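Accompanying notes for the structure given below.
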Amino acid sequence: MAGDVLEMQDFLMNTVVEQKICSTNVAPAAIYSASLSKLRMLEDMMSFYSESSEVSLINHNAGSAATRISAEMMLVLEQAQEYAHVSQSAFNILLAPLVQTWRKAGAENKMPTREGIMEVLALCKIENLILDKNENTAYLSKKGSMIDLGGIGKGFAADACCEIYDEMGASSAFVNLGGNVKAIGNRPDGNPWSVGLQHPDRIRGNCYGVIMCSDLSVVTSGAYERYQEIEGAKYHHIIDGKTGYPSESDLKSVSVISKSSIQADALSTAAFVLGLEIGMDLIYNSECIGAVFFTQANEVYLTKGIKQNVRLLERMPCYEA
Ligand code: AMP
Ligand code: MG
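First residue of the sequence shown? That's 1 in the working numbering, and the numbers climb one at a time after it.
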């Protein structure tokens, strides 16, 4: 018997956050209250739009001054640099000026010019972010450079929630930040938690498969998640830093399985940009458990060794590679 179970939903970090907490010794409500405070704190720290967030302070000081940051922010930024390094900058938090260029293009329904994109690209090199661990500062060396933690923040937050669940003695728990999932232990009925794999071409909640997981995170990046129309064509929200345009890989989505949610979050974004072949190499060269790739040709590719965790809900071409 796993004890009391609490299920809660909140809107945080621009997404629906669902928590399920099972606990015998400590009231689940007390654990939920602690994780909710943590999520609010992380939202205040990482928000791109709140003027008082650490992200906004760093962005505001670009090209002029280093910004003193919290130890936790330093941790996120160091890891973001590391994931940029291992992915040849396919994952790059400095793509923010381009993300904004494309958002504006969507709002105005006007394609950005190629020259405009190239100009903005110069601001987006990950090397423009300089961290000083002794001084606890972050500095963007070019005016106009900006960071955006949209591709990594939810993973960091999911890890932080699970740390709280563990520390406070939850017997099992599950957190889902808009598709960024992490679970500890098993479900109250003793079975592993299952995470649905959203079908990229169908309405939300329509899954092509499920992943069984205990003490694991599953994070999906996909073109279908968020897109906008500009001059009659669809453009999604994940940018290829090599071209400055929304990535045009051979994938519709990638789901990454890892013990670390920040890793699954960063590497799912990176693998989506890199495409099936290089994305697969990226996962094999990491400490991730594995990944599920859904291609433009509607085929599914699994990394080796995760077949037992994945169940497809319909007949479709599926390969182990
Ligand atoms: P995700 O949903 O985790 O794949 O992250 C996508 C979000 O991260 C976008 O909405 C942008 O805010 C930001 N982003 C877009 N392209 C990239 C990229 N190549 N690397 C890192 N972050 C990105
Ligand atoms: Mg991500």
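From the three backbone atoms N, C-alpha and C, an ideal C-beta is built for every residue, glycine too. Bear in mind that the values here come from a model prediction, so they are computed numbers and not experimental data.
How close, in whole Å, do the beta carbons of residue i and residue j come, if the pair is a contact with beta carbons under 8 Å?
i	j	result
Ala271	Ile152	Incorrect: roughly 14 Å between the Cβ atoms, too far for contact.
Cys207	Leu216	Cys207 to Leu216, Cβ: 17 Å. No contact.
Ala62	Leu140	4 Å
Ile239	Pro246	6 Å
Ile126	Ile31	The pair is not a contact, with the Cβ atoms about 37 Å apart (cut-off 8 Å).
Pro28	Asp4	5 Å
Nearest to residue i by CA position, among the options, is which residue?
i	options	result
Leu149	Ile211, Asn25 and Leu77	Leu77
Leu312	Ser35, Val210 and Ser261	Val210
Phe293	Asn285, Met280 and Ile58	Met280
Ile289	Ala297, Leu251, Lys304 and Ile203	Lys304
Leu251	Gly232, Pro97, Asn285 and Glu277	Glu277
Ile283	Ser33, Tyr83, Ala71 and Ala27	Tyr83
Val300	Ser253, Ser50, Asn92 and His237	Ser253
Thr137	Ala157, Ile184 and Glu72	Glu72
Pro192	Ser87, Val256, Cys161 and Phe174	Phe174
Arg315	Asn298, Gln100 and Ile31	Asn298
Ser87	Ser286, Lys307, Ala321 and Gln296	Ser286
Asn134	Val120, Met74 and Val55	Met74
Cys161	Leu123, Thr295, Asn25 and Met41	Met41
Arg114	Glu108, Ala107 and Leu98	Leu98
Lys259	Gln296, Asp159, Gly244 and Ser268	Asp159
Val26	Ser261, Ala170, Tyr319 and Lys234	Ala170
Cys124	His236, Glu108, Lys142 and Pro112	Lys142
Short check: CB of residue i to CB of residue j, under 8 Å?
i	j	result
Asn128	Leu94	yes
Cys22	Ser172	yes
Met212	Asn309	yes
Ile230	Ala105	yes
Lys275	Ser89	Correcting the residue identity first, residue 275 is Gly in this sequence and not Lys. No. Outside cutoff.
Val181	Val218	yes
Leu177	Ala157	yes
Gly185	Ala264	no
Leu12	Glu51	no
Gly179	Thr220	yes
Gly244	Met118	yes
Ala291	Ser249	no
Within 7 Å: the Cβ of residue i and any heavy atom of ligand 4?
i	result
Asp148	Of the ligands one can find in the structure shown, namely ligand 1 and ligand 2, none is ligand 4.
| request: May I have all residues whose beta carbon comes closer than 7 Å to any heavy atom of ligand 2, sorted in chain order? | output: Gly151, Ile152, Gly155, Val219, Ser221, Asp265, Ala266, Ser268 and Thr269
| field | Uninterrupted alpha helix (DSSP H) stretches inside the stretch 111-184 (no shorter than 4 residues) | value | 114-121 and 153-167
| Can you list the beta strand (DSSP E) stretches of 3 or more residues lying completely in the stretch 196-253, in chain order? | 207-213, 216-222, 227-230 and 233-236
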